[in-house]
Structures are given as structure tokens and as C-alpha cells.
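Chains as they are written, first to last, in our numbering: chain A, 149 to 277; chain B, 4 to 141. Note that the Cβ used here is the ideal one computed from N, Cα and C, for glycine as well.
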Amino acid sequence: MTASTILSAVRQPLATALSGVTANVFAYVPESVPVPAVVLVPSSPYLEFDTIGSDTFRAKINFTISCCVTYSSNPASLDNIEQLIESVVLAIPAGYEISDVQRPTVTQVGASNLLVADIGVSTHYTRTV
Amino acid sequence: MATTVITGRDLALTIDSKVYDPQVISASLKTDLERNTYETIDGKVFWALDTSATLTLTVLADWGASGTAPTFSICELLWAAASSAPNTALTYSFTAATGAVFTGSVYPNFPEAGGTGKDAQQVTFTLQGTAKPTLTIS
Numbered sequence: 149m150t151a152s153t154i155l156s157a158v159r160q161p162l163a164t165a166l167s168g169v170t171a172n173v174f175a176y177v178p179e180s181v182p183v184p185a186v187v188l189v190p191s192s193p194y195l196e197f198d199t200i201g202s203d204t205f206r207a208k209i210n211f212t213i214s215c216c217v218t219y220s221s222n223p224a225s226l227d228n229i230e231q232l233i234e235s236v237v238l239a240i241p242a243g244y245e246i247s248d249v250q251r252p253t254v255t256q257v258g259a260s261n262l263l264v265a266d267i268g269v270s271t272h273y274t275r276t277v
Numbered sequence: 004m005a006t007t008v009i010t011g012r013d014l015a016l017t018i019d020s021k022v023y024d025p026q027v028i029s030a031s032l033k034t035d036l037e038r039n040t041y042e043t044i045d046g047k048v049f050w051a052l053d054t055s056a057t058l059t060l061t062v063l064a065d066w067g068a069s070g071t072a073p074t075f076s077i078c079e080l081l082w083a084a085a086s087s088a089p090n091t092a093l094t095y096s097f098t099a100a101t102g103a104v105f106t107g108s109v110y111p112n113f114p115e116a117g118g119t120g121k122d123a124q125q126v127t128f129t130l131q132g133t134a135k136p137t138l139t140i141s
């Protein structure tokens, strides 16, 4: 039996759970960002070791879910990102802590401007063999 | 002498022969020695009377996990034991580090339920030991 990985046990299932959201969902940072987009990004600290024992790899994993929409007009873009945030939060499955949503900021990606807001989420992972 | 460092990663805990390390955030086993003090004409005299032990745990709450093999819910184990057999002690094994293992028995208690909106639910409880733990050094 293949050992689990953070990608197979946490990141991909979380991305799959978010697949119902009307946006392009990535379990990793893509080379280019086709908006609207939801991207899982490791947060900092990424891994925290808060349970006892060392029989296997266990960690609390902190992610940022970056919600990205086109930045054109400010009211429309803000409304778009608020709706995207709402749908992402509703789609986050049980077992994930949702900490907060950071203030939306305008970020230049390539030639285009995006409005980006980060949602902090955490969960616990135990490596299984 | 070289400095010895042991950490929380060296800890291991079983209760009722089940491993709960994946749920336990902190664990401490406290053994108390009760002493009486007598004031004599020659000064104070101390006399040991009794020992007692308590096992204090903070765990990630795992209500509802008992059906997910091989997971055993520590919250459900303690609730069931406290409900049906509160005077029957459960055995435990508490490894402080490799080669230093405390064993004994504790009485079950009802775990709390609840938490804050944004954090994982945690439960802290103290279990009364039946007697002084046995320390085995190997």
C-alpha cells in the first residue's frame, strides 16, 4: 500500500471539495492564473507539530486559499470577490479550521491586475502507510 | 555528562490498550506525595502518609470518530466508561522517553464538549489514578 502524502490526503481533496465553486481551482500555484481562480498556497508556518509522539508523521497544516478575480471596476470586483469568498467558505469541508480572510489587495500577475483575498485554513494530517 | 533532551515527541500514551498519540496535544502525569508535618520539641518532623496520581490531558476532540477504524475515540471511550462503569479503572501506559515507562490505572471521567468558532475543538480533562504509577526503566 502506498503511503499517503499531503497532496493526496489534504491538498487535492480540499481542491476537489472546492471544485463546485464557479472558478478555476488549483491545488498548487499555477504558472498563470486564469481568473476567477481559487489557489491553495502553503501558509507560514506551513507545518506545526502539536501532538505528542513520533511513531509517524503528524502535523497541523496551514494553508492560504487565495481567491482571485479580475480587477476592473472597484465596486464590481469587490462584489465578485465577496461572492467568491462566500462560496469558497461554504465549500470548505468539515475538519478544517477557518481563521480569517485578509483584506483584498490588487496584485499584478503578468499584464493583468487581479483582486486577491486570502482565506486562512488549517487541518491536521497523519501519514498513513 | 552530555546534556539529555527529551521532548513531546518522545511521549506516548495508551489508555485501555489503545494508542491516542494522534489526538493528544499535551499530557502530564503528576504523582503527589502527601506528608504530614509534626512540630516536636526537636523541630519539624515530616512523615510521608500517602501517594496519589493524576493524568491530565489536552486532546483534539474526536467525538464521532469511533466508527472510523483504526481510530478509537478517546472522548467516546471515556464517556462510555464514566457512564457505565465509573468505578472501574482503565489501565494506561505513559512513555516519557524510550526506556522510561509509567504504568497504572485511572478512573474515567466525562470529557467536555465544545470549543470556539474558528479553532479545532479541544478537551482538557484530569483523570484520577488509582495508585502511584509504576515506573519501569529499561
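From the options, residue whose alpha carbon lies closest to that of residue i
i: Pro111(B); options: Asp13(B), Asp19(B), Thr139(B) and Pro25(B); result: Asp19(B)
i: Leu238(A); options: Leu155(A), Tyr219(A), Val264(A) and Gly168(A); result: Gly168(A)
i: Ala100(B); options: Ser87(B), Leu138(B) and Val48(B); result: Leu138(B)
i: Asp266(A); options: Tyr244(A), Thr274(A), Thr253(A) and Thr276(A); result: Thr253(A)
i: Pro182(A); options: Ile240(A), Leu188(A) and Cys216(A); result: Cys216(A)
i: Gln231(A); options: Tyr244(A), Phe205(A), Ser152(A) and Val186(A); result: Val186(A)
i: Leu93(B); options: Val62(B), Leu16(B), Val27(B) and Ser108(B); result: Ser108(B)
i: Ser270(A); options: Leu262(A), Asp248(A), Thr164(A) and Ser260(A); result: Asp248(A)
i: Ile200(A); options: Thr57(B), Ala56(B), Phe97(B) and Ala85(B); result: Phe97(B)
i: Leu130(B); options: Met4(B), Cys78(B), Leu36(B) and Thr7(B); result: Cys78(B)
i: Ile28(B); options: Ala88(B), Leu36(B), Gly132(B) and Phe128(B); result: Phe128(B)
i: Arg251(A); options: Gly268(A), Ser191(A), Ala207(A) and Glu196(A); result: Gly268(A)
i: Pro89(B); options: Ala103(B), Thr133(B), Ile9(B) and Phe49(B); result: Thr133(B)
i: Thr59(B); options: Thr34(B), Trp50(B) and Asp45(B); result: Thr34(B)
i: Pro193(A); options: Ala207(A), Ser202(A), Pro184(A) and Val173(A); result: Ala207(A)
i: Ala51(B); options: Thr61(B), Asn39(B) and Thr43(B); result: Asn39(B)
Residue i, DSSP secondary structure in three states
i: Leu155(A); result: helix
i: Gly168(A); result: helix
i: Asp198(A); result: coil
i: Ser144(A); result: One cannot answer for residue 144(A) here, as it falls past the ends of chain A, which runs 149 to 277.
i: Asp266(A); result: strand
i: Ser31(B); result: strand
i: Trp82(B); result: helix
i: Ser209(A); result: Correcting the residue identity first, residue 209(A) is Ile in this sequence and not Ser. Ile209(A): strand per DSSP, three-state reduction.
i: Leu14(B); result: coil
i: Ile240(A); result: coil
i: Asn112(B); result: coil
i: Ile229(A); result: helix
i: Asp248(A); result: strand
i: Ala56(B); result: strand
i: Pro184(A); result: coil
i: Glu179(A); result: coil
i: Ser191(A); result: strand
i: Ile140(B); result: strand
Minimum Cβ-Cβ distance from residue i to chain B less than 9 angstroms
i: Thr164(A); result: no
i: Ser202(A); result: yes
i: Arg251(A); result: no
i: Phe211(A); result: no
i: Ile246(A); result: yes
i: Ser270(A); result: yes
i: Arg206(A); result: yes
i: Thr199(A); result: yes
i: Thr153(A); result: no
i: Thr218(A); result: no
i: Thr150(A); result: no
i: Thr255(A); result: no
i: Thr274(A); result: yes
Minimum Cβ-Cβ distance from residue i to chain A less than 9 angstroms
i: Arg12(B); result: yes
i: Leu16(B); result: yes
i: Leu63(B); result: yes
i: Ala103(B); result: no
i: Ala123(B); result: yes
i: Ser29(B); result: yes
i: Pro25(B); result: yes
i: Val126(B); result: no
i: Val22(B); result: yes
C-beta contact flag for residue i and residue j at 9 angstroms
i: Asn228(A); j: Thr218(A); result: yes
i: Val158(A); j: Val177(A); result: no
i: Lys121(B); j: Ile246(A); result: yes
i: Leu32(B); j: Thr57(B); result: yes
i: Ser214(A); j: Thr170(A); result: no
i: Ser86(B); j: Ser76(B); result: no
i: Ala84(B); j: Ile140(B); result: no
Rounded distance between the beta-carbons of residue j and residue i, thought under 8 angstroms
i: Trp82(B); j: Phe113(B); result: 6 angstroms
i: Pro136(B); j: Thr106(B); result: 6 angstroms
i: Leu263(A); j: Ser225(A); result: 5 angstroms
i: Gly118(B); j: Ala64(B); result: 7 angstroms
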